[in-house]
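Written below as structure tokens is the structure these notes are about.
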Amino acid sequence: MRNIWIIAKREYDHYFISPVAYVVAFSILLVLGIIFALVIYTSAQNVFYGSVPDISPVTGSFAFLLVLTTPALTMRLLADENRMGTMELMLTAPVRDSELVIGKWLGGVLFVLTVIGITLIFPIILNSLVSPGIDQGAMITSYLALILVAASFLAIGVGISALFTNQVAAFFVTMITLVTLWWLMGFPADYIQAGSEFFRYLDLQSHFYSLGQGKIILSDVIYFLSLIAVGLFTGTMAVETRRWR
Amino acid sequence: MIRVNELTKDYGSRRALHGLTFEAQQGEVVGFLGPNGAGKTTTMRILTSYMPPTSGEAIVAGYDVVSESLEVRKRVGYLPETVPLYTDMVVFDYLKFMADLRHLPDAEERVGETLEMVGMVDRANGYIGSLSKGMRQRIGLAQALIHRPEVLILDEPTIGLDPSQVVEIRNLIREIGKERTVLLSTHILSEAQQVCDRVIIINKGNIVVEDTPENLQAHLVGAERVVLRVRGEVDDLAVKVGKIKGVQNAKSNPDGTLEFQFLPAQDVRPQVARAVVESGYDLLEMRPLGLSLEEIFLELTKEEQPAKKKKAHS
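Protein chains in written order, with my numbering: chain A, 1 to 245; chain B, 1001 to 1314.
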């Protein structure tokens, strides 16, 4: 556990000296700020029709932005160790392969949590603007869903980063995987009769929005936890096979 | 302590190590010599649990490198061939990170001490990326020393260092080698001579010879070679020097120098110097001609060479 924490802390600190992380954080916050302003504006117009503004446009856009930005946050994590030769250092230090992979992932999670933490200002502002306040349950589960999406994306990104020595390759493969999970999985379910249930279950977007309704649904949580497990397992396997090459 | 028994390693269909067997005791500095691709790095990677051997066993600091890999890694300090540094980190933070990974209780003090050992205290707050190659090499060494390991494995530790640093690092390695086990690889025979208690020469994954550096050289060379530089023509002088008792194979070289050999048991250099001066020549230089690793190699693999060449032609 201690090793995981030491590695995670180094990765977390590293994000704050890397321009990529600042660009990612800045663009996410900028886009969300604009969307939030629009939410406030349109809600103000519709206030007489009795619709209560909620935070889902912000969390939903955030999840979508994560599809685009997570690859940039994870591409470096293990691919760069392979490239710089520091993998040899990590693999000969008294650290288990799984601890290395989980530590890298946790570092990324902590960074995204920091960005998510900053966006909490939006529901707080929204809450103070409307009376009697926003749906707190939906707000909390939306954020839970967001954290789970971020954690799953990062786990997938770390797993893919471990397979590559080249960051750009890791970036694109991660991006394609996330796009597939976010958009493409839902499509076959609408067209193919056989196994539509299967595709529907794999569709990431549906789990995200179903969680955001205000109730914690176990099957959705399990879906995200299994994605995390698959990503981290892939990463650990990739690091381990590197030893046998 | 390192004990290696019948170690083999295959990369795909290519066999990199053919049953290596050797030992290194505590308080011993063992040098690993060999040309590129001889299997030095492969052996070191196996000993540091970076990768498992195909067959055979290796015991390092009392633990098996495959089944007790974590225990081995706790007790080994390793400097790989490509110095593993995070170039965007500050020197101090990097060493602190390594110290933390090894769960050292007094990490910060230890980092300071280690920086002092490798003479890098004044660069503790600089970025690793801004350091020269020699400095990076020293930080890499500091990383390997940070936990004062029982076994130290160094892959070409003095490469890229300037001469004064080389001396410092060699002294440091010898100091460490008094209490611990050190295995280092090198291309430079003189380095092995100065630092190592024992030398293992490997070629194509086999141990060619294993001996102390002194024995190795005496055994291989048999005689010492000396080069003389004088003012003026040396052809006549070569004949004169050749007549001195104990001098062997005196000859003049195309570059205007004179070369001869003598047996270590009878040092004829004073007689030669006197003869040169008495013959009216100005003696400018007299230096021993060391035997390079390449020459030792040619010597050791002499019998194999012609056979290979024939094959290549047919």
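Where a beta carbon is used, it is the ideal one built from N, C-alpha and C, also for glycine. For clarity, every value in this text was computed on a predicted model and none was experimentally measured.
query, result
"Selection of the stretch 1037–1054 of chain B by Cβ proximity to chain A, strictly under 9 Å", "Arg1045, Thr1048, Ser1049, Tyr1050, Met1051, Pro1052"
"Rounded straight-line distance, which links the Cα of A:Met1 to that of A:Phe164", "26 Å"
"Outcome for B:Asn1005 when other beta-carbon atoms lying within 10 angstroms are tallied against a minimum of 16", "exposed"
"is_contact[A:Leu262, chain B] using C-beta, thresh 8 Å", "This structure gives no information on residue 262 of chain A, because the portion of chain A shown stretches from 1 to 245."
"Beta-carbon proximity check, B:Leu1216 vs B:Val1199, cutoff 8 Å", "yes"
"Residue(s) in a DSSP beta bridge with A:Gln136", "In the DSSP output, where bridge partners are listed per residue, A:Gln136 has none listed."
"Proximity of A:Ile160 and A:Thr180 at Cβ, strictly below 8 Å", "no"
"Where B:Lys1311 sits in the DSSP three-state scheme", "Bear in mind that a pLDDT of 41 at B:Lys1311, under 50, signals an unreliable position, so the number given afterwards is only what the model happens to contain. B:Lys1311: helix per DSSP, three-state reduction."
"B:Ala1307, buried or exposed, once every other Cβ within 10 Å from all chains shown has been counted against 16", "Since pLDDT at B:Ala1307 reaches only 41, below the 50 mark, its modelled position is unreliable, and the value read off the structure follows with that caveat. Counting Cβ neighbours within 10 Å, B:Ala1307 comes out exposed, since fewer than 16 surround it."
"Reduced DSSP category for A:Thr165 - H, G, I as helix; E, B as strand; rest coil", "coil"
"Distance cut-off 7 Å: A:Ala44 Cβ against heavy atoms of the ligand MN", "Looking at this structure, you won't find the ligand MN or any other ligand, since it has none at all."
"CB contact check: B:Thr1158 to chain A, cutoff 8 Å", "no"
"Below-8 Å beta-carbon distance, B:Asp1010 vs any chain A residue", "no"
"Per-residue burial, A:Trp244 [other beta carbons within 10 Å of its own, 16 or more giving buried]", "exposed"
"Helix, strand or coil at B:Lys1251 according to DSSP, with G and I counted as helix", "strand"
"Chain A contacts from the stretch 1057–1074 of chain B (Cβ-Cβ distance under 7 Å)", "Leu1070, Arg1073, Lys1074"
"Whole-angstrom C-beta distance between B:Ile1153 and B:Leu1161, which should lie under 8 Å", "Not quite, the Cβ-Cβ distance comes to about 18 Å (not below 8 Å), so this is no contact."
"Listed by chain order, chain A residues near B:Phe1097 by CB distance under 8 Å", "Ile6, Arg10"
"Residues of its chain near B:Val1277, where Cβ-Cβ distance is below 7 Å and the 5 sequence neighbours each way are ignored", "Leu1283"
"According to DSSP, residues forming a beta bridge with A:Phe198", "DSSP, once it has assigned bridges, lists no residue as partnering A:Phe198."
"Which listed residue (A:Leu204, A:Asn3, A:Pro53, A:Phe111) has its alpha carbon closest to that of A:Ile222", "A:Leu204"
"B:Gln1261, enclosing beta strand (DSSP E) - first and last residue", "1257–1262"
"Contact with chain B by A:Pro246, beta-carbon distance below 8 Å", "An answer regarding residue 246 of chain A cannot be provided, because it is not within the stretch 1 to 245 covered by chain A."
"Within-8 Å CB hit, B:Arg1198 to chain A", "no"
"Meets three-Cβ-pair contact criterion under 8 Å: the stretch 1083–1103 of chain B and the stretch 1118–1126 of chain B", "yes"
"Cutoff 8 Å: B:Leu1101 Cβ touching any chain A Cβ", "yes"
"Alpha carbon of B:Leu1316 to alpha carbon of B:Lys1204, nearest angstrom", "With chain B covering only 1001 through 1314, there is no way to say anything about residue 1316 of chain B."
"Beta-carbon gap between B:Leu1104 and B:His1147 smaller than 8 Å", "yes"
"Ordered list of alpha helix (DSSP H) runs contained in the stretch 1148–1185 of chain B, each at least 4 residues", "1163–1177"
"Contacting residues, own chain, Cβ-Cβ under 6 Å from A:Glu11 (five flanking each side not counted)", "Lys104, Gly107"
"C-beta atoms of A:Glu99 and A:Ile4 nearer than 8 Å", "yes"
"Those runs of the alpha helix (DSSP H) which lie wholly inside the stretch 191–242 of chain A and span at least 4 residues", "196–202, 204–211"
"Assigned secondary structure, B:Ser1069 (DSSP; H/G/I helix, E/B strand, else coil)", "helix"
"Three-state class that DSSP yields for A:Pro188 in the structure shown", "helix"
"Min CB distance B:Asp1088 to chain A below 8 Å", "yes"
"Same chain, Cβ closer than 6 Å to A:Trp198, neighbours up to 5 away in sequence not counted", "It should be pointed out that residue 198 of chain A corresponds to Phe in this sequence rather than to Trp. For A:Phe198, where only same-chain residues beyond five positions count, there are no Cβ hits under 6 Å."
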